[in-house]
Amino acid sequence: MANKQSRFEVIYKDGSAWLESGTRQIIVDKETGVHYLAWKAGYGAGITPLLDSEGKAVITKKE
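Position in the sequence shown (from 1) plus 1206 gives the number in this note's numbering.
Written out as structure tokens, the structure is:
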């Protein structure tokens, strides 16, 4: 099977699965450049796009 690169990249990680506050990650979609905040604690988890002060999605500009 061919080695396929991941579409998503974790650019920041904080916390621990062992802490009550859980882990937080900022993930970037390499195709669209959109940043997401992912949070996981215990059996719960959530993901949402990061928004700037104007309510627009944070996007990394492609070079």
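No residue lacks a Cβ here, since even glycine has one placed at the ideal position from N, Cα and C.
Coarse secondary structure for residue i, derived from DSSP in three states
| i | result |
| --- | --- |
| Tyr1218 | strand |
| Val1240 | strand |
| Leu1225 | coil |
| Lys1262 | coil |
| Lys1246 | strand |
Cβ separation of residue i and residue j, assumed to be a contact under 8 Å, to the nearest whole Å
| i | j | result |
| --- | --- | --- |
| Ser1242 | Thr1254 | Reading off the sequence shown, one finds Tyr at residue 1242, where the question assumed Ser. The Cβ separation is near 7 Å, so the contact holds. |
8 Å Cβ cutoff, residue i in contact with chain B
| i | result |
| --- | --- |
| Glu1215 | Going by chain labels, chain B is absent from the structure shown, which holds only one protein chain. |
The beta strand (DSSP E) enclosing residue i, as first and last residue numbers
| i | result |
| --- | --- |
| Asp1235 | 1229-1235 |
| Ala1251 | 1250-1255 |
Spatial neighbours of residue i in its chain, beta-carbon cut-off 8 Å, leaving aside the 5 residues before and after
| i | result |
| --- | --- |
| Glu1226 | Ala1247 |
Contacts around residue i, its chain only, beta-carbon distance under 6 Å, and the 5 residues preceding and following it disregarded
| i | result |
| --- | --- |
| Gly1221 | Ser1227, Gly1228, Thr1229, Arg1230 |
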